[in-house]
Each structure stands twice: as structure tokens, then as C-alpha cells.
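S.K.: One structure coming up, written as C-alpha cells, with questions to follow.
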Amino acid sequence: GLYPCADMGDLQELPELQLNQYYSVPLAQLPNREAVDLCNQLFEPDERFCQGYYRYWRYILNQSKEEAWKNALEECETTLNGLIEHLDDPYMYSVGFRLDERQYVPVGIFGFRELTQHYQGKKLAQALADRNMLGHYEGKLAMAHTYSSLKKYRNLAMLKYTFLQIALNALRGGYKHIFFFMSDFRLGTIYKRFGLEFPDLSFHDSHHLVGCYTMNDEHIQTVLKAADEFGINTEGLARSLQV
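Right under this line is the structure:
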């Protein structure tokens, strides 16, 4: 069941979190006030979404500082409004921590859905077709997008946990390939460590970075091992996958 959200201030004096305290709840299951508050915080100008958008407009599209910042703020506002208007979206998730049996503190979000259910995913599917790459990506295709956590709570464990939740969603849904859509090109270096490939799929009109994680046998074993480290029971999933 859903754990009531704790005050964000409760995390200020936390001892080091244990891996089994990381947790994820669908955004639609959070109380409305907490979901809106989380989204508003994530899209503050000094948080990663807005900073990543700025770097995209400034360094990928080579805009002036002023124009890049203006476009970054507009992109933040558009994305934030879209999230708040669709808090019932079943494909958006929160990530955070369980402080105890009753308190869950969400500090980040991510989206995971079938590729063509996202407007950028439709562009990506067309790019795959245009480049005759569909044969290389057989099976069900998914898309991960809109993911970040509040910077004061962000660490490598949170990044790994979010990636793990995305991969587990893929396994449970029978997806073979997960495409990661990114504005912040610096994430490429980080996600290569997790086994992502970066095919030549940057959009010609926008040059967003696209990575792909394939659920092959090696990656499935890696995901199941990571789930065990975070205290997530995947015995039933492993049996269904016959691994």
C-alpha cells in the first residue's frame, strides 16, 4: 500500500540510507498535494531539469546565454504544467526513501511507457524506420524519460535505483529494448557505465541524446542481482523469465 509522505525536512538529519530504504510509488498514487509539491520542486531553476535544459539550449543548439536560459525556463514550465495536468498518468513514477513502515518521502520522478505512447517516442520510432534499424531492435520497445531527483538527495545509489526500476518495468512488461531520451548530454557518460548503447539516433531537428538498454541475458542477470542488493524480491519474475 501507499505510505503517507513525510515532511521533506525529515531527510536533513538522516544517517546514511540503507539500500532497502529506496522505494518507488506511481506518481498517481501519491496524495495530490505531495505530487504537485514534488513536481514544483523538481522544476525549480537550480534543479537538474532546468539546468539540463539550459545546457541543451546553450551548448547543443549554440544559443546565447540569455536565449538559452529563456528557452530553458519555458521548457521547464511546459513540462511541469503537463505533469501537473496529468497526475493520473499511470506511466509516471516517483522514487524516494522509506523512513520507516509508515513514511515514504518522494524525491524524484521518471516516466516509463511503450515507445510510441510518447510524442518523442513516435519520432524515435520513425527515426529507426528511416535508418533501417528496426531489424536491430526487434521485440517490444519502451521509452524512459523525464527522470531526475532533487539535487540535495541525489547520489549514485538513487541513480542506480531509478535505473533498476526502469529495467524491472521493462522485464515485467516483456520489453526487449528501452530507449532513454535525454536533454542533458552529460548523462551519456554516466549511463554508458550501466551498459547503454548510444546509436546514431540523435534527432536531426533537436539533437537530443538517445541511449538504448537491451534486455539480453547478461543484462537481465545484472538487473536481478541489483534488485537483490536493494532488497527487491524478484523470485517470481526470475521464474517467469526462466533464468
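Numbering (our numbering), first residue to last: 682 to 924.
Heads up, the beta-carbon is just placed ideally off N, CA and C, and yes, glycines get one too.
#1: In terms of alpha-carbon separation, which member of 731, 773 and 917 lies closest to residue 750?
#2: Would you say residue 703 lies against chain D (beta-carbon separation less than 8 Å)?
#3: Whole angstroms is fine: what's the gap from residue 720's alpha carbon to residue 764's?
#4: For residue 700 versus residue 912, is the C-beta distance shorter than 8 Å?
#5: Can you tell me whether residue 822 is helix, strand or coil according to DSSP?
#6: By alpha-carbon positions, which one of 717, 728 and 814 ends up nearest to residue 830?
#7: Check whether the Cβ atoms of residue 793 and residue 847 sit closer than 8 Å, and answer yes or no.
#8: Taking 7 Å as the cut-off, is the beta-carbon of residue 714 closer than that to any non-hydrogen atom of the ligand GDP?
#9: By Cβ distance below 7 Å, which residues in the same chain neighbour residue 842 in space, the five residues on each side in sequence not counted?
#10: Where does residue 915 sit, in a helix, a strand or coil, going by DSSP?
#11: If we ignore side chains and look at the alpha-carbon of each, how far apart do residue 718 and residue 839 end up?
#12: Counting only runs that start and end within the stretch 767-837, where is the alpha helix (DSSP H) found for 4 or more residues in a row?
#13: Excluding five sequence neighbours on each side, which residues of the same chain lie with their C-beta closer than 6 Å to the C-beta of residue 855?
#14: If you draw a straight line from the alpha carbon of residue 790 to that of residue 814, how long is it in whole angstroms?
#15: Whose C-alpha, out of 806, 816, 804 and 772, is nearest the C-alpha of residue 828?
#16: Tell me which residues share the same chain as residue 915 and place their Cβ nearer than 6 Å to its Cβ, disregarding the 5 neighbours each side in the sequence.
#17: So what's residue 854 in DSSP terms, helix, strand or just coil?
M.R.: With the given structure in hand:
#1: The candidate whose alpha carbon is nearest that of residue 750 is 731.
#2: As a matter of chain content, chain D is missing from the structure shown, which is built from one protein chain.
#3: The straight-line gap separating the alpha-carbon atoms of residue 720 and residue 764 is approximately 8 Å.
#4: Yes, they are a contact pair.
#5: Looking at residue 822 - three-state DSSP - the assignment turns out to be strand.
#6: If we check each option's Cα against that of residue 830, 728 comes out closest.
#7: Yes.
#8: In terms of ligand content, the structure shown is empty, and the ligand GDP therefore cannot be addressed.
#9: Excluding residues within five positions, the ones whose Cβ falls inside 7 Å are 703, 776 and 911.
#10: DSSP places residue 915 in coil when its eight states are reduced to three.
#11: C-alpha separation (whole angstroms): 20 Å.
#12: If one requires a minimum length of 4 residues, the alpha helix (DSSP H) runs lying completely within the stretch 767-837 are 800-811, in chain order.
#13: Excluding residues within five positions, the ones whose Cβ falls inside 6 Å are 821.
#14: Those two C-alpha atoms are separated by around 30 Å.
#15: Checked all of 806, 816, 804 and 772; the closest Cα to residue 828 is 772.
#16: Answer for residue 915: 905 and 908, listed in chain order.
#17: When secondary structure is reduced to three states using DSSP, residue 854 falls in the helix class.
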